[in-house]
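Asker:
Number of protein chains: 2
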Amino acid sequence: MFELTPIIYVVDDDASVCKSLKRLITSMDFHVETFISAQEFLRFDRSDRPCCLILDIRMPGISGLALQEELTVANCTIPIIFITGHGDISMSVRAMKKGAVDFLTKPYDDQDLLDAIHKAIEQDISTRQEQSEISEIQKRVDSLTSRECEVFALVVTGMLNKQIAYTFKISEKTVKVHRARAMQKMHAKSLAHLVRMADKVGIEK
Amino acid sequence: MFELTPIIYVVDDDASVCKSLKRLITSMDFHVETFISAQEFLRFDRSDRPCCLILDIRMPGISGLALQEELTVANCTIPIIFITGHGDISMSVRAMKKGAVDFLTKPYDDQDLLDAIHKAIEQDISTRQEQSEISEIQKRVDSLTSRECEVFALVVTGMLNKQIAYTFKISEKTVKVHRARAMQKMHAKSLAHLVRMADKVGIEK
DNA sequence: CAAAAGATTGGACTAAAGTCTTATCTTTGT
DNA sequence: ACAAAGATAAGACTTTAGTCCAATCTTTTG
Numbered sequence: 001m002f003e004l005t006p007i008i009y010v011v012d013d014d015a016s017v018c019k020s021l022k023r024l025i026t027s028m029d030f031h032v033e034t035f036i037s038a039q040e041f042l043r044f045d046r047s048d049r050p051c052c053l054i055l056d057i058r059m060p061g062i063s064g065l066a067l068q069e070e071l072t073v074a075n076c077t078i079p080i081i082f083i084t085g086h087g088d089i090s091m092s093v094r095a096m097k098k099g100a101v102d103f104l105t106k107p108y109d110d111q112d113l114l115d116a117i118h119k120a121i122e123q124d125i126s127t128r129q130e131q132s133e134i135s136e137i138q139k140r141v142d143s144l145t146s147r148e149c150e151v152f153a154l155v156v157t158g159m160l161n162k163q164i165a166y167t168f169k170i171s172e173k174t175v176k177v178h179r180a181r182a183m184q185k186m187h188a189k190s191l192a193h194l195v196r197m198a199d200k201v202g203i204e205k
Numbered sequence: 206m207f208e209l210t211p212i213i214y215v216v217d218d219d220a221s222v223c224k225s226l227k228r229l230i231t232s233m234d235f236h237v238e239t240f241i242s243a244q245e246f247l248r249f250d251r252s253d254r255p256c257c258l259i260l261d262i263r264m265p266g267i268s269g270l271a272l273q274e275e276l277t278v279a280n281c282t283i284p285i286i287f288i289t290g291h292g293d294i295s296m297s298v299r300a301m302k303k304g305a306v307d308f309l310t311k312p313y314d315d316q317d318l319l320d321a322i323h324k325a326i327e328q329d330i331s332t333r334q335e336q337s338e339i340s341e342i343q344k345r346v347d348s349l350t351s352r353e354c355e356v357f358a359l360v361v362t363g364m365l366n367k368q369i370a371y372t373f374k375i376s377e378k379t380v381k382v383h384r385a386r387a388m389q390k391m392h393a394k395s396l397a398h399l400v401r402m403a404d405k406v407g408i409e410k
């Protein structure tokens, strides 16, 4: 599913830095796409494949930290590796608290960067895997009618059909119908499977 | 269960820093215990209540980062807030990667420290809650006989009694006996509950 | 308005799981 | 050696859940 070559996005206002990073990273089995501003990166239509972001902190326009913040609120989970020439501790701590994979200072060791890239890509792959599983399950939940969903929600709490029936003031017969439909639509192989899917997406209502 | 007043451990080789931190933190509703070396802290018999650790990076003997490492391998999850006068970015990043709650540089803002303490205590409370739940469940798993545990493991995969019976080459009757015992010993109110407990502790064998 | 979708329920079973009781046969610790 | 613990299993039911088939009744929507 994600067998594509990972792509590394580099955002640095210094074109020569972009160029040398591109050379270094391409020598591994990665694709590289460089941008000289956060704005340019945001405009870019990122394809759906494993990736990570190498980001300069200090840039005219949107700074690295600001871009990180922007991506966070946009629900984008792309792993970020910061690189900076003139950072301070407070910056690095802020970046790490917000989930950055690493924060390197120039001059950095090439191996440290490559290690960080590998870690970031691994993280991205597993995050994507997780997200795609969740969205698949959510799609199934969305296909349930409201009643089916209500019954589903109580079934996974461990309630008996008769208890669910009493709760909704309907017959046990009807509960069985909704329950069977829910099992079908959720593609649940067993009750255990249904429970795990419910916990994964967090059934509310 | 954890309604006790949280205790803040302060480890700093500068006794005057310990003293002023103690004054500041005591003014909140926290107890404080100070140590002038990592060794002294390690010898201290910590009581079982919400706590966190405020740690100086640079200390003679065991450094702050070394103590963090030591606690990690000892499986101690006490949240750590680092304070340093002469730290660098690399140190702060290493500390944050290993899960530090915050990394403050002197002179720091008192409010920042208090915020970090609150966050650390919250984290400790929820970690303890989680750990005590898990160990309670693990205790129940440990009370299962080996056969009960094997049957339990397959039950929570969603297998039918007859399938489990075939797997172990025993009768469905016997599976029912082990299954019923497992439900009892695990205090499972339902299959859904059993599945969740299994996932929480991660049934291996 | 008419068709489609959804909610409801009954009948008639089948299958799966749980509840008792009773009873071997081993293994294990003292 | 002997009691205790654990694994095995059968008989006899009861309770739950699942399966088809059929049939209202309401709401939504083209």
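Residue numbers (the working numbering), protein chains in the order written: chain A, 1 to 205; chain B, 206 to 410. C-beta atoms are modelled at their ideal positions from N, C-alpha and C, and glycine is treated no differently. Keep in mind it's a predicted model, so treat the numbers as computed, not measured.
(1) Applying a beta-carbon distance threshold of less than 8 Å, which residues of chain A neighbour B/Asp307?
(2) For B/Gly292 versus A/Ile83, is the C-beta distance shorter than 8 Å?
(3) Considering only the beta carbon of each residue, do B/Gly363 and A/Leu191 sit closer than 8 Å?
(4) Look up A/Phe103 in the DSSP assignment and say whether it is helix, strand or coil.
(5) Starting from A/Ala174 and walking both ways along the alpha helix (DSSP H), at which residues does that stretch end?
(6) Quick one: grab the DSSP three-state call for B/Glu246.
(7) For B/Val382 versus B/Asn366, is the C-beta distance shorter than 8 Å?
(8) Go through its chain and collect everything with a Cβ distance to A/His31's Cβ below 8 Å, but skip five positions before and after it.
(9) Please state whether DSSP places A/Phe82 in a helix, a strand or coil.
(10) Roughly how many whole angstroms lie between the Cα atoms of A/Cys52 and A/Lys19?
(11) Can you give the beta carbon distance from A/Leu67 to A/Leu55, rounded, assuming they're within the 8 Å contact cut?
(12) Would you say A/Glu190 faces chain B, with C-beta separation under 8 Å as the test?
(13) Let's test the definition: count the other Cβ atoms within 10 Å of the Cβ of A/Phe35 and tell me whether it reaches 16, buried, or not, exposed.
(14) Buried or exposed, going by whether 16 or more other CB atoms sit within 10 Å of the CB of B/Gly266?
(15) Using 8 Å as the limit for Cβ to Cβ distance, is B/Ile375 near chain A?
(16) Residues of chain B with a CB under 7 Å from the CB of A/Glu58: which are they?
(17) I want to know whether the region 327 to 344 of chain B touches the region 275 to 289 of chain B - three or more CB-CB distances under 8 Å.
(18) Which same chain residues end up closer than 7 Å to A/Ala95 when comparing Cβ atoms and leaving out the 5 residues on each side of it in sequence?
(19) Could you check if A/Pro107 is buried or exposed, using at least 16 other CB atoms within 10 Å of its CB as the buried criterion?
(20) Would you tell me roughly how many angstroms separate the C-alpha atoms of B/Lys324 and B/Ala385, rounded to the nearest one?
(21) Could you work out which residue in B/Ser337, B/Glu338, B/Ala370 is closest to B/Glu353 when comparing CA atoms only?
(22) Secondary structure at A/Phe2, three-state DSSP: helix, strand or coil?
(23) Alpha carbon to alpha carbon, how far is B/Asp217 from B/Asp320?
(24) Under a Cβ-count criterion, where at least 16 other Cβ atoms within 10 Å of its own Cβ denotes burial, should A/Ala74 be classed as buried or exposed?
Answerer: Per the coordinate set shown:
(1) Val93, Lys97
(2) no
(3) yes
(4) strand
(5) Residue identity differs from the one stated: residue 174 of chain A is Thr in this sequence, not Ala. That run of the alpha helix (DSSP H) goes 172 to 185.
(6) Glu is not the amino acid found at residue 246 of chain B; the sequence shown has Phe there. Three-state DSSP puts B/Phe246 in a helix.
(7) no
(8) Thr5, Pro6, Ile7, Ile8
(9) strand
(10) 17 Å
(11) 6 Å
(12) Note on identity: in this sequence residue 190 of chain A is Ser, with Glu being the wrong assignment. Yes, because at least one Cβ of chain B sits closer than 8 Å to the Cβ of A/Ser190.
(13) buried
(14) exposed
(15) no
(16) The sequence shown places Arg at residue 58 of chain A, not Glu. Correct list: empty, because the minimum Cβ distance to chain B is about 14 Å.
(17) yes
(18) Leu65, Gln68, Phe82, Phe103
(19) exposed
(20) 43 Å
(21) B/Ala370
(22) In this prediction, A/Phe2 scores a pLDDT of 47, lower than 50, which makes its location untrustworthy; the coordinate-derived value is nonetheless stated afterwards. Looking at A/Phe2 - three-state DSSP - the assignment turns out to be coil, as it is neither helix nor strand.
(23) 20 Å
(24) exposed
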